[in-house]
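Here my numbering is used: the first residue of the sequence shown is 480, the next is one more, and so on.
No residue lacks a Cβ here, since even glycine has one placed at the ideal position from N, Cα and C.
In this text, all values refer to a predicted model and were calculated from it rather than measured experimentally.
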Amino acid sequence: MASSFVGRHTAGVLLVAGCAVVGTWAAGYLGTSLLGFAKSPVSGVMMAILLGLVIAQLAPRQVDATLPTLRFFTTTVLRTGIVLLGTRLSIVAVSALGLQALPVVVLSIVAALSIVLLVGRAMRLPLELGLLIAVGTAICGVTAIAATAPLIRARALEVSYATGCVALFGMLALLIHPFIAHALFGAQPVLAGIFLGTAVHDTAQVAGAAMLYMQQYADPVALEAATVTKLLRNLFMAVVIPFAAVLASRARSDSPTPGTIAKRPPLVPLFVAGFIGMCVVRTIGDLGDRPFGLLSTELWSSTLLFAQTLSEWCLIAAMAAVGLQTRLDSFAKLGFRPLLLGLIAASLVGVVSAISLSILAAYF
Numbered sequence: 480m481a482s483s484f485v486g487r488h489t490a491g492v493l494l495v496a497g498c499a500v501v502g503t504w505a506a507g508y509l510g511t512s513l514l515g516f517a518k519s520p521v522s523g524v525m526m527a528i529l530l531g532l533v534i535a536q537l538a539p540r541q542v543d544a545t546l547p548t549l550r551f552f553t554t555t556v557l558r559t560g561i562v563l564l565g566t567r568l569s570i571v572a573v574s575a576l577g578l579q580a581l582p583v584v585v586l587s588i589v590a591a592l593s594i595v596l597l598v599g600r601a602m603r604l605p606l607e608l609g610l611l612i613a614v615g616t617a618i619c620g621v622t623a624i625a626a627t628a629p630l631i632r633a634r635a636l637e638v639s640y641a642t643g644c645v646a647l648f649g650m651l652a653l654l655i656h657p658f659i660a661h662a663l664f665g666a667q668p669v670l671a672g673i674f675l676g677t678a679v680h681d682t683a684q685v686a687g688a689a690m691l692y693m694q695q696y697a698d699p700v701a702l703e704a705a706t707v708t709k710l711l712r713n714l715f716m717a718v719v720i721p722f723a724a725v726l727a728s729r730a731r732s733d734s735p736t737p738g739t740i741a742k743r744p745p746l747v748p749l750f751v752a753g754f755i756g757m758c759v760v761r762t763i764g765d766l767g768d769r770p771f772g773l774l775s776t777e778l779w780s781s782t783l784l785f786a787q788t789l790s791e792w793c794l795i796a797a798m799a800a801v802g803l804q805t806r807l808d809s810f811a812k813l814g815f816r817p818l819l820l821g822l823i824a825a826s827l828v829g830v831v832s833a834i835s836l837s838i839l840a841a842y843f
């Protein structure tokens, strides 16, 4: 039984590990050996994603055989990396970052929901499709779409369209927004991180964009701010998804079918609680001369360094898996109008985030 489990997942693990390691090596080689920089300006995260993307197009059937393993990396491994990111921050820092990010998060969510729904109606798209694209863009990508779909009785085709739009424009944002963030807010890394945390869609994509920024500009502050901002956005699922259900129900002028139970998202996702828990551990460990009254300062520092390094590799591996799961030909099947709405939604959250941060920058 154990050998069967190992056999099923070995190919996927080797594929992801290969993309992560080769991508990281290639980034260093391109930047230092070929371009002559002391520190490579090429991101290992970007190279891992692009390598996975290329392999997925060249060998789709072989990659499809490893999909269960790839999904494990984009869920469990990704969330493990996010939880371990909590070792970078104290609970005081998280609270401060959360308060700074909150107004931008709220403005982005309200703008995405209201304007995307209005544009979707003007384009004569089904309300359910507009809701899924709006929620996926405003909150947390595919997770929000999956949680909202049964509550609004969305059809499978509408779920596929919304997922494709969020995946496409989220991937583009992952690769482009770190450079926009640096151009706009390079002197204020907290603002750059909040921008990434609000302007990029899915949790995995935000983590990848923030890692890319950190590697590209050697600034971990933006990674920390982006992580806190994205997890804050995730908490709004508890408000926005029931709102979408009520809106869809009123549009149908009926109520949910008696006896049916739709799966609702948890108020606080487990990995968000884990991230906060790690922040608490970091806060307690940093008190006094001997962390927890047991450890030496050197051992505590080594433990934190190990956790943070493991977190980085978890996120790089998850991003490689994201690239491996992306099929460019699938986006051609979406049709013009849903893609246009997805582009409008993605552009909207980026513009609202940038303008909000520019206005609020004086108060940070």
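Item to check | residue 597 burial status per 10 Å Cβ neighbour count (16 or more: buried) | outcome: Counting Cβ neighbours within 10 Å, residue 597 comes out exposed, since fewer than 16 surround it.
Checklist entry - If you count every other CB in all the chains shown that lies within 10 Å of the CB of residue 756, and 16 or more means buried, which is it? => result exposed
Checklist entry - Just checking my contact of residue 649 with residue 684 at CB under 8 Å: how many whole Å lie between their CB atoms? => result 4 Å
Checklist entry - Is it the case that the Cβ atoms of residue 663 and residue 836 are separated by a distance below 9 Å? => result yes
Item to check | Endpoints, alpha helix (DSSP H) assigned at residue 793 | outcome: 776-803
Item to check | Outcome for residue 761 when other beta-carbon atoms lying within 10 angstroms are tallied against a minimum of 16 | outcome: buried
Checklist entry - Using the C-alpha atoms, what's the distance from residue 604 back to residue 489? => result Answer to the nearest angstrom: the Cα atoms are 43 Å apart.
Item to check | Beta-carbon contacts of residue 821 that lie in its chain and below 6 Å, excluding the five residues immediately before and after | outcome: 612, 644, 648
Item to check | Distance, residue 824 Cα to residue 726 Cα | outcome: Pairing residue 726 with residue 824, the inter-Cα distance amounts to about 19 Å.
Checklist entry - Which residues in the same chain as residue 670 place their Cβ atom closer than 7 Å to its Cβ, once the five residues preceding and following it in sequence are excluded? => result 664, 836, 840, 843
Checklist entry - Helix or strand or just coil, what does DSSP make of residue 667? => result Of the three classes helix, strand and coil, the one that applies to residue 667 here is coil, per DSSP.
Checklist entry - Quick one, which of 624, 555, 547, 526 has its alpha-carbon nearest residue 751's? => result Looking at the Cα atoms, 555 is the closest of the given residues.
Checklist entry - Would you call the stretch 791-811 and the stretch 542-557 touching, i.e. three or more CB-CB distances under 8 Å? => result yes
Checklist entry - Do residue 492 and residue 506 come within 9 Å of each other at the CB atom, strictly closer than that value? => result no
Item to check | Local conformation of residue 697 per DSSP, three classes | outcome: coil
Checklist entry - Do residue 719 and residue 618 come within 9 Å of each other at the CB atom, strictly closer than that value? => result yes
Checklist entry - Heavy atom of the ligand MN less than 8 Å from the Cβ of residue 690, yes or no? => result Among the components of this structure there are no ligands whatsoever, and the ligand MN is therefore not found.
Next on the checklist: Using 8 Å for Cβ pairs, my map puts residue 606 next to residue 730. What's the rounded Cβ distance?
Outcome noted: 5 Å
Checklist entry - Under a three-way DSSP split, which group does residue 722 fall into? => result helix
Checklist entry - Is the CB-CB distance between residue 707 and residue 576 below 9 Å? => result yes
Next on the checklist: By the three-class DSSP mapping on this structure, what secondary structure does residue 771 have?
Outcome noted: helix
Next on the checklist: Whole angstroms are fine: how far does the CA of residue 778 sit from the CA of residue 633?
Outcome noted: So the alpha carbons of these two residues sit roughly 52 Å apart.
Checklist entry - Count the other CB atoms within 10 Å of the CB of residue 788; is the residue buried (16 or more) or exposed (fewer)? => result exposed
Next on the checklist: Please state whether the Cβ-Cβ distance between residue 622 and residue 690 is less than 9 Å.
Outcome noted: no
Next on the checklist: Here's the rule: buried if 16 or more other CB atoms are within 10 angstroms of the residue's CB, otherwise exposed. What is residue 681?
Outcome noted: buried
Item to check | Same chain only: Cβ atoms within 6 Å of residue 498, ignoring 5 sequence neighbours per side | outcome: 527, 530, 531, 799
Item to check | residue 679 burial status per 10 Å Cβ neighbour count (16 or more: buried) | outcome: buried
Checklist entry - From residue 783 to residue 766, what does the alpha carbon distance come to, in whole angstroms? => result 14 Å
Next on the checklist: For residue 785 and residue 817, I'd like the C-alpha separation in whole angstroms.
Outcome noted: 44 Å
Checklist entry - If we count the other Cβ atoms within 10 Å of its Cβ and call it buried at 16 or more, is residue 832 buried or exposed? => result buried
Checklist entry - In terms of residues, what are the limits of the alpha helix (DSSP H) holding residue 758? => result 749-764
Checklist entry - Nearest to residue 637 by CA position, among 610, 660, 646, is which residue? => result 610
Checklist entry - Should residue 695 be labelled buried (16 or more other beta-carbon atoms within 10 Å of its own) or exposed? => result buried
Next on the checklist: Let me confirm a value: residue 574 is counted as buried when at least 16 other C-beta atoms fall within 10 Å, else exposed. Which label applies?
Outcome noted: The residue in question, residue 574, is exposed, as its Cβ has fewer than 16 Cβ neighbours within 10 Å.
Checklist entry - Excluding five sequence neighbours on each side, which residues of the same chain lie with their C-beta closer than 6 Å to the C-beta of residue 753? => result 562
Next on the checklist: Using the Cβ count rule (16 or more neighbours within 10 Å means buried), how would you classify residue 776?
Outcome noted: exposed
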